[in-house]
Amino acid sequence: MKKSIQGKDLYAILDRGYLEPDQMVDVATRLVEGGCELIQFRDKISPLSEVLRWGLKVKAILPFHVVFILNDYVELVKEMGADGVHLGQEDYGIKEARKILGNNLIIGLSTHSKEQAIFSSTQDVDYIGWGPVFKTQTKPKMTPIGLEYLPGVKEKVSHPIFAIGGIDSGNVVEVLEKGADGVAVVSAILKSSDIFKTTSHLLSKIRAFREGNQFTDLHSFKK
Numbered sequence: 187m188k189k190s191i192q193g194k195d196l197y198a199i200l201d202r203g204y205l206e207p208d209q210m211v212d213v214a215t216r217l218v219e220g221g222c223e224l225i226q227f228r229d230k231i232s233p234l235s236e237v238l239r240w241g242l243k244v245k246a247i248l249p250f251h252v253v254f255i256l257n258d259y260v261e262l263v264k265e266m267g268a269d270g271v272h273l274g275q276e277d278y279g280i281k282e283a284r285k286i287l288g289n290n291l292i293i294g295l296s297t298h299s300k301e302q303a304i305f306s307s308t309q310d311v312d313y314i315g316w317g318p319v320f321k322t323q324t325k326p327k328m329t330p331i332g333l334e335y336l337p338g339v340k341e342k343v344s345h346p347i348f349a350i351g352g353i354d355s356g357n358v359v360e361v362l363e364k365g366a367d368g369v370a371v372v373s374a375i376l377k378s379s380d381i382f383k384t385t386s387h388l389l390s391k392i393r394a395f396r397e398g399n400q401f402t403d404l405h406s407f408k409k
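Just so you know, the numbering used here puts 333 at position 147 of the sequence shown, and the rest follows in order with no gaps.
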């Protein structure tokens, strides 16, 4: 059965560009302790054998309710025991990935424009990434796409949208106000001196926003 990403508002990315392989397990542990339930393993540096080895180590310490996504390597997803794959615009085609993975695993897709995001509604994906929203150290050469078009995209796309790129506790509410279903975070967490506290703080801001919206909606309904 395909795991659900519904309600998993914070998508943390274990990025080899920031971490040594032997740090991955410890960081993943801190993420889970901080409340994160959606984690991506991204290693574009190591040989495939090492990606698999360290991915298996991370997977082994994750509770069942945590969704574990592998970046790029469709061919390793099942062997790693990951719950799905995240693909870029230049990676595997969605149809090819779905043939390999079947219908019970998650496929996510990066989008970098409103056209790409809207086109994703015709593809067999479970969620999309929207970004980079702001300037980001993770992908410094990419031009930010901002939030201007996100509300319009949200109206035309039925699957969840995770905003990514330069998101931290200072701007996360602004991003959610524009309609993002969740936020994907890399450097704000991985460069933090206390990953547990940073994760917890981000989630508390997200939940406060969600609860505030629920209260507002209920108050309006009662009127």
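Backbone N, C-alpha and C define an ideal beta-carbon position, used for all residues, glycine too.
Integer-rounded CB distance, given that residue j should sit under 8 angstroms from residue i
{"i": "G294", "j": "V311", "result": "6 angstroms"}
{"i": "Y197", "j": "A374", "result": "The Cβ separation is near 12 angstroms, so there is no contact."}
{"i": "E223", "j": "V271", "result": "So it is not a contact: roughly 18 angstroms between Cβ atoms."}
{"i": "A366", "j": "A394", "result": "Incorrect: roughly 16 angstroms between the Cβ atoms, too far for contact."}
{"i": "Y259", "j": "L234", "result": "7 angstroms"}
{"i": "S355", "j": "K391", "result": "6 angstroms"}
Selected residue, minimal CA-CA separation from residue i, among the options
{"i": "E377", "options": "D195, M187, D277 and E206", "result": "Note that residue 377 is Lys in the sequence shown here, rather than Glu. The residue with the shortest Cα to Cα distance from K377 is E206."}
{"i": "G267", "options": "I286, L238 and E282", "result": "L238"}
{"i": "Q147", "options": "K383, S379, S390 and G368", "result": "Outside the displayed span of the chain (187 to 409) sits residue 147, for which this structure offers no information."}
Terminal residues of the beta strand (DSSP E) in which residue i lies
{"i": "R202", "result": "From DSSP, R202 is part of no beta strand (DSSP E); its letter is neither H nor E."}
{"i": "S373", "result": "Element bounds for S373: not the beta strand (DSSP E) but the alpha helix (DSSP H), S373 to L376."}
{"i": "I255", "result": "V253 to N257"}
{"i": "A349", "result": "I347 to I350"}
{"i": "S296", "result": "I292 to T297"}
{"i": "G315", "result": "Y313 to W316"}
Straight-line Cα distance separating residue j from residue i
{"i": "G203", "j": "E219", "result": "23 angstroms"}
{"i": "V263", "j": "L256", "result": "7 angstroms"}
{"i": "D277", "j": "F250", "result": "28 angstroms"}
{"i": "N290", "j": "I347", "result": "20 angstroms"}
{"i": "K245", "j": "D212", "result": "12 angstroms"}
Chain-order list of residues whose beta-carbon lies under 8 angstroms from that of residue i (same chain, five-residue window excluded)
{"i": "S386", "result": "G220 and G221"}
{"i": "E341", "result": "none"}
{"i": "Q275", "result": "L295, S296, T297, H298 and Q302"}
Neighbourhood of residue i by C-beta, 7 angstroms cutoff - its chain only, sequence neighbours within 5 removed
{"i": "A303", "result": "T297, I314, W316, V339 and V343"}
Endpoints, alpha helix (DSSP H) assigned at residue i
{"i": "L224", "result": "Per DSSP, L224 belongs to no alpha helix (DSSP H); it is in the beta strand (DSSP E), L224 to R228."}
{"i": "L273", "result": "Segment G270 to L273 is the beta strand (DSSP E) holding L273; no alpha helix (DSSP H) there."}
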